[in-house]
Every structure is written in structure tokens, then in C-alpha cells.
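Number of protein chains: 2
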Amino acid sequence: VRVEKTGPIHVELISIGREILRGNIPDSNAVHLAGHLSRRGALVHRITAVDDSDRAITSAITEALERESHLVVTTGGLGPTADDRTLGALADALKRPLAVHPHAREMVESAYRRLHERGLVALEGMTAARQKICSLPIGSEPVPNAVGTAPGVLVRLPGGAAVLCLPGVPEEMRAVFDAAIPMLKDLIPNAHVARREVEAPTADESALRPLLDRMSEEFPAVWVKSHAPGFGSENVLIRVTLEASARTRQEAETMVEGALRRLLALAARG
Amino acid sequence: VRVEKTGPIHVELISIGREILRGNIPDSNAVHLAGHLSRRGALVHRITAVDDSDRAITSAITEALERESHLVVTTGGLGPTADDRTLGALADALKRPLAVHPHAREMVESAYRRLHERGLVALEGMTAARQKICSLPIGSEPVPNAVGTAPGVLVRLPGGAAVLCLPGVPEEMRAVFDAAIPMLKDLIPNAHVARREVEAPTADESALRPLLDRMSEEFPAVWVKSHAPGFGSENVLIRVTLEASARTRQEAETMVEGALRRLLALAARG
Numbered sequence: 068v069r070v071e072k073t074g075p076i077h078v079e080l081i082s083i084g085r086e087i088l089r090g091n092i093p094d095s096n097a098v099h100l101a102g103h104l105s106r107r108g109a110l111v112h113r114i115t116a117v118d119d120s121d122r123a124i125t126s127a128i129t130e131a132l133e134r135e136s137h138l139v140v141t142t143g144g145l146g147p148t149a150d151d152r153t154l155g156a157l158a159d160a161l162k163r164p165l166a167v168h169p170h171a172r173e174m175v176e177s178a179y180r181r182l183h184e185r186g187l188v189a190l191e192g193m194t195a196a197r198q199k200i201c202s203l204p205i206g207s208e209p210v211p212n213a214v215g216t217a218p219g220v221l222v223r224l225p226g227g228a229a230v231l232c233l234p235g236v237p238e239e240m241r242a243v244f245d246a247a248i249p250m251l252k253d254l255i256p257n258a259h260v261a262r263r264e265v266e267a268p269t270a271d272e273s274a275l276r277p278l279l280d281r282m283s284e285e286f287p288a289v290w291v292k293s294h295a296p297g298f299g300s301e302n303v304l305i306r307v308t309l310e311a312s313a314r315t316r317q318e319a320e321t322m323v324e325g326a327l328r329r330l331l332a333l334a335a336r337g
Numbered sequence: 068v069r070v071e072k073t074g075p076i077h078v079e080l081i082s083i084g085r086e087i088l089r090g091n092i093p094d095s096n097a098v099h100l101a102g103h104l105s106r107r108g109a110l111v112h113r114i115t116a117v118d119d120s121d122r123a124i125t126s127a128i129t130e131a132l133e134r135e136s137h138l139v140v141t142t143g144g145l146g147p148t149a150d151d152r153t154l155g156a157l158a159d160a161l162k163r164p165l166a167v168h169p170h171a172r173e174m175v176e177s178a179y180r181r182l183h184e185r186g187l188v189a190l191e192g193m194t195a196a197r198q199k200i201c202s203l204p205i206g207s208e209p210v211p212n213a214v215g216t217a218p219g220v221l222v223r224l225p226g227g228a229a230v231l232c233l234p235g236v237p238e239e240m241r242a243v244f245d246a247a248i249p250m251l252k253d254l255i256p257n258a259h260v261a262r263r264e265v266e267a268p269t270a271d272e273s274a275l276r277p278l279l280d281r282m283s284e285e286f287p288a289v290w291v292k293s294h295a296p297g298f299g300s301e302n303v304l305i306r307v308t309l310e311a312s313a314r315t316r317q318e319a320e321t322m323v324e325g326a327l328r329r330l331l332a333l334a335a336r337g
């Protein structure tokens, strides 16, 4: 994948962990990342949740890169236990062996010292389990984890694409993601997104269709979407959302405001 | 895919809708379906969220079937507007043309009549938008939607696998899924799942690893998983979950209870 300087970057998210596949927890990490990256103007194309298995994780990463993603962000599977398999699977996907990364090792040692001082873990030195979390695919950069023990992992690929691996515990995920953003500033845009929502005077999405089709034709750069709350809801009226992304806030606001005025004019005409 | 009568069925979920990829809403449908199907003993292998685009949906369905899923369940994209694209994309994936299904047409007409009587929609007859929601890939069965207008769609494939398409509005999704379960009783098992959770006397997942490795070796049929709440949490202690699935509740309880006793014995030994 060669990252072009124009156009929005394509992002895929991969959430790793059987607890998501069992329906035990909602995938709040994906919501956080998708929202944050979208508000910056990135296009999140796909979110995939897979099991804690080497084969499933390796396939998901390989497929996401084959779909020409500029950035693939994984969450989960970075911890010390046997079902934390992300780095081994990433190494397989990239065909790069794992090796203890000196800087990651320092991060892990100092994290366990910090937790030991808080009385939370024993000071056992570099056990096999701890060594695992600082063994990264060759050529990776560790990303500091201010909350937990396992660093994030950033791999830049030839051509400009990148894979970022974040921990699965939401608080750690956010801390590592925040630390990774400045490292990715050439890749993650800082666009502005403007959004408007109006209520249509109908509960019938089928009646709105010709209007929405026309809007999409006239404003290809504005995302026009109807949301049916469902006929069982208290308020059954359709909501229509307009969204536009641009380099400046003003540009995005102007685009979406123009589309909204046109929508209201078309609707008034009936 | 030929569905074997033994072993758990493999399920994939596909969630369709840009609002998920934008991080505007959590994918609560996937949580509901994954939880329900897992509790019945099915193995949900992958959850994929894709955009409202023909190509993305067709690829996601094709890939899920190529991974030898017995059941693929999609949510979203069944409505009347232009960005509701699931049935067209499914038709492409299965290489079966769309045609108005007489029974689906009756369901849609009667749903709009019902909503008209509640004063919610105009009685416009079979508009293009309404005809779209009863145009199914040839060989499909419509599934009644007691809440909204768009029927669900069930396609049985040669070999015994099936694709089930559900609406995206959560209340409609649940109604259509409930109606589909009896239609899928040869495919969806009715296993019992037993579950135990214990708190480990440590916050250090790396210290638990040898114990959990041993449990996985001794009890391959029991899912043993540690959950780190994260070192920033109020209660930092690791929780360990044990889960087993079997044909009878008693069998599942016996399996998980035996594993729990062994875990406590190993832990007491240090």
C-alpha cells in the first residue's frame, strides 16, 4: 500500500478477544477509536472482531492490509497470558520474527517496578510472561502505556502504511492511543467534521427515498443518512443526518449548511 | 459448506451501516446476537462491521461463507432507502437474481396498512421503495417482522449452511431473530452453557500464566480466561472465568465445576 497525500486515509479496526464474540461485553474500544478517527477525517472501512487465536488474528491483519488500508489498529491480546496472541500473530502476518525490544523492555521493567511500589505485583524480574510483552516484531516501535504494563506496538510498513496494536483494557487502550497519535501525525489527518440532524415530518422511510436520492446526487461529498427509530419507538419520526469533512472547520460547516438548506427547500416543495 | 451433525456450529455476524464505522453508535445488535447464539452453544467466530456499500457487503458475506460458516447473520440495510443495500449485495454474493417474493409482498403490504391505521404512513400502495424491501434473492424465505415493515430474509444454501438477514433497528432485529429461530431449529443448537467466575489473589496476569496454561492443558473443553480490570481500576485483582458448553445443563455444570475445583487446588498449592 502506498499512502497518497490526498484523500482521506483508510482505516480498519481489529478487535481481538473471545469475550466480544461471546457477547459478554460490547466492543467499546471500537466505538472510541472509530469515533475519534472519523472526527479527524479518516474513513473507517471495516471493524472486525476475532478470537484469541493466531490464525484468526493473522488472517484479519493480512486481509486488512490487502484491502489497501493505510492504518490498521488492533485492540487486545497484548498481555502476558497464553491467550494474548496479537504480537505473535502480527509477526506471522508481516513475516518478521519477534525479538525483545530494548526500549520496550525498559518500559515493561519500569511499569512492573511502579506497580510493585504500589503493592500490586511481586518484583519477580523478567519472567517469561513479562518477556513476552516486550518481544515485538523486528522493526516495531513500542508506544508507552502510562496505565498498565504492556506497551503498544507501532509497525510502519514500506509504502507508508502502518499497523498499531493497542491493549484491550479500555483505559490502557486510550492511554496508548493518545501516546501513538503524535507518532502517526504524518498518517492521521486533522480534518474537521460538521454535522447537522433534522427530523423529517414522516415515519415512512420509503416516502423519503426520492428526496434522499436527489440529495446524494447533488451533494456527493456530504453524507446524507436517514435513521428510522423503528415503528415501535415512542417517537417514530425519521431523523436525517448530514455530515461533511474538510480541512477547516469553516469549510466543513459551509458544506453541510448548504446541503441542509437545500434539503429543507426540497422537503418544503413536497 | 456441509453442516456436520456433531460439534458446535460456526457462526459469523455481519453488521451493516456506516453509523457503526463512524463510531456514532455501539453495535448493540452484535452483542445481542453473539450472546444469544453463544448461550445456545454456537461458536461465533467473527463479527464484521462494514459500510452501506454493495462491494463491502458482498465481500463480507462471500468471505464468511468461504470460512465455512454454517450460519451467517447480517443486521442492517433492509430498509427502503438507497443506502439500504443488503439484499442486492446478498444476491450478488449468492449469484441469484432478486425477484418480488409473493409472501414477502403480502407482509410488506399488511405492515404498511397496519402503520397507516396507526396514522404513521400514507397509503401509497406498492411504491418502488416498498417493492425493494420485498424483492429477495431467488430461493429465499421471508421472516415476519412484527415491529417494522421490512421482513427478514433466510436463504438456505446447498449443503445445509444458511444466511439470515435481519433489520438494523434493534427492536425489529430482535423480533425478526425470534421469528427466525424456529425456522433454523435444525441449525441452531440448544446447548447449555455453564459459567463460573473467581477472583485471583493477584493483580499480576504475568504471575497467573503458568497456572492458566496448565488448566488449558488439563481441561481443553473448558474455556479458561483471565480478565485484567487494568491497573487504573478501583479493584485491580484479576478475575478468572471458566465456561463449558454441553447438551444438558447438568453435564455443562459438572464440567465447569470440576475445572473450578482443580483451579482452586492448583492455586492453593501456589
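Chains Z and V, in that order, give the protein sequences.
Just add 67 to the spot in the first sequence (first one is 1) and you have the numbering used here.
Just add 67 to the spot in the second sequence (first one is 1) and you have the numbering used here.
By construction, the Cβ of each residue, glycine as well, lies at the ideal position given by its N, Cα and C atoms.
Bear in mind the structure is a predicted one, so any value in this text is a computation, not a measurement.
Exercise. Distance, Cα to Cα, Z:Gln317 vs V:Ala242?
Worked result: V:Ala242 has its alpha-carbon roughly 44 Å from the corresponding atom of Z:Gln317.
For this session: Indicate the three-state DSSP secondary structure (helix, strand or coil) for Z:Ser126 in the structure shown.
Result: Three-state DSSP puts Z:Ser126 in a helix.
Exercise. Between Z:Ala332 and chain V, is there a C-beta pair that is closer than 7 Å?
Worked result: Chain V contact via Cβ: absent.
Exercise. Out of curiosity, what's the CA-to-CA distance linking Z:Lys292 and V:Ile83?
Worked result: Those two C-alpha atoms are separated by around 13 Å.
Exercise. Taking C-beta to C-beta, are V:Arg185 and Z:Pro147 nearer than 7 Å?
Worked result: no
Exercise. Which residues bound the alpha helix (DSSP H) around Z:Lys199?
Worked result: Ala195 to Lys199
Exercise. What are the uninterrupted segments assigned as beta strand (DSSP E) that are 3 or more residues long and contained completely in the segment 170-232 of chain V, given in chain order?
Worked result: 202-204, 208-210 and 219-223
Problem set entry | Own chain, CB closer than 6 Å to V:Leu333, minus 5 neighbours either side, in chain order | Leu278
Problem set entry | V:His137 - DSSP class collapsed to helix/strand/coil | coil
Exercise. What does Z:Glu135 touch in chain V if you count any residue whose Cβ is under 7 Å from its own?
Worked result: Residues of chain V passing the Cβ test: none, with the nearest at roughly 13 Å.
Exercise. Would you say the segment 189-206 of chain V touches the segment 287-307 of chain Z, given that touching needs at least three Cβ pairs under 8 Å?
Worked result: no
Problem set entry | Beta carbon proximity, Z:Phe298 to chain V, threshold 7 Å | Z:Phe298 counts as touching chain V.
For this session: Under 7 Å between beta-carbons, which chain V residues line up against Z:Val272? List them in chain order, please.
Result: Here the sequence assigns Glu to residue 272 of chain Z, which means Val is not the residue at that position. The answer, in chain order, is Gly146, Pro147 and Thr148.
Problem set entry | Within-7 Å CB hit, Z:Ile37 to chain V | Residue 37 of chain Z lies beyond the range of chain Z shown here (68 to 337); nothing can be said about it.
Problem set entry | Residue from V:Asn96, V:Leu100 and V:Glu130 whose Cα sits closest to the Cα of V:Ile255 | V:Leu100
Exercise. What is the rounded straight-line gap between the Cα of V:Leu138 and the Cα of Z:Arg122?
Worked result: 20 Å
Exercise. Using the beta-carbon of each residue, which ones in chain A are nearer than 7 Å to Z:Thr194?
Worked result: You won't find chain A in this structure, because its protein chains are Z and V.
Exercise. Within this structure, are the beta carbons of Z:Val224 and Z:Val210 separated by less than 7 Å?
Worked result: In the sequence as displayed, the identity of residue 224 of chain Z is Leu instead of Val. Contact flag unset, no.
Problem set entry | Those residues which DSSP pairs with Z:Lys292 across a bridge | Z:Thr308
For this session: Flag this pair as touching only if the segment 183-198 of chain Z and the segment 153-162 of chain Z have three or more C-beta atom pairs under 8 Å; answer yes or no.
Result: no
Exercise. So Z:Val111 packs on Z:Ala127, CB below 8 Å; how close in whole Å?
Worked result: Not really, about 15 Å apart at Cβ, beyond 8 Å.
For this session: Name the one or two DSSP bridge partners that V:Ala116 has.
Result: Z:Ile114 and V:Ser82
Exercise. Using a beta-carbon distance below 7 Å, is Z:Ser177 in contact with chain V?
Worked result: False, the Cβ-Cβ gap to chain V never drops below 7 Å.
Exercise. So which of Z:Ser283, Z:Leu233, Z:Thr308 and Z:Pro93 has the shortest CA-CA distance to Z:Ala295?
Worked result: Answer by Cα proximity: Z:Thr308.
For this session: Taking 7 Å as the cut-off, decide whether the C-beta atoms of Z:Ala258 and Z:Arg107 are in contact.
Result: yes
Exercise. If you drop the 5 nearest sequence neighbours on each side, which residues of the same chain put their C-beta closer than 8 Å to that of V:Leu330?
Worked result: Excluding positions up to five away in sequence, the list reads Val265, Leu278, Met282, Val291, Val307 and Leu309.
Exercise. Hey, does V:Gly219 have any beta-carbon neighbour from chain Z nearer than 7 Å?
Worked result: no
Exercise. When you compare each of V:Asp271, V:Arg181, V:Phe298 and V:Ile200 to V:Arg152 by their alpha carbons, which one comes out closest?
Worked result: V:Ile200
Exercise. Closer than 7 Å, CB to CB, is Z:Arg276 near chain V or not?
Worked result: yes
Problem set entry | For Z:Asp271, the nearest candidate out of Z:Asp253, Z:Glu285, Z:Leu304 and Z:Arg262 (CA to CA) | Z:Leu304
Exercise. Cα separation between Z:Val70 and Z:Glu135?
Worked result: Summary for Z:Val70: the model assigns pLDDT 45, below 50, so the residue's position carries little reliability, and this model does not support an answer.
For this session: Report the option in Z:Ser202, Z:Gly192 and Z:Val236 whose CA atom is closest to the CA atom of Z:Arg163.
Result: Z:Ser202
For this session: Can you grab the Cα-Cα spacing for the pair V:Pro218 / V:Ile248, in whole Å?
Result: 14 Å
Problem set entry | Neighbourhood of V:Ala171 by C-beta distance below 7 Å, restricted to the same chain and skipping five residues each side | So the list reads Cys201, Leu203, Pro209 and Pro218, once near-sequence residues are dropped.
For this session: Report the neighbours of Z:Glu320 on chain V: residues whose CB is nearer than 8 Å to its CB, in chain order.
Result: In chain order: nothing, as chain V lies at least about 18 Å away.
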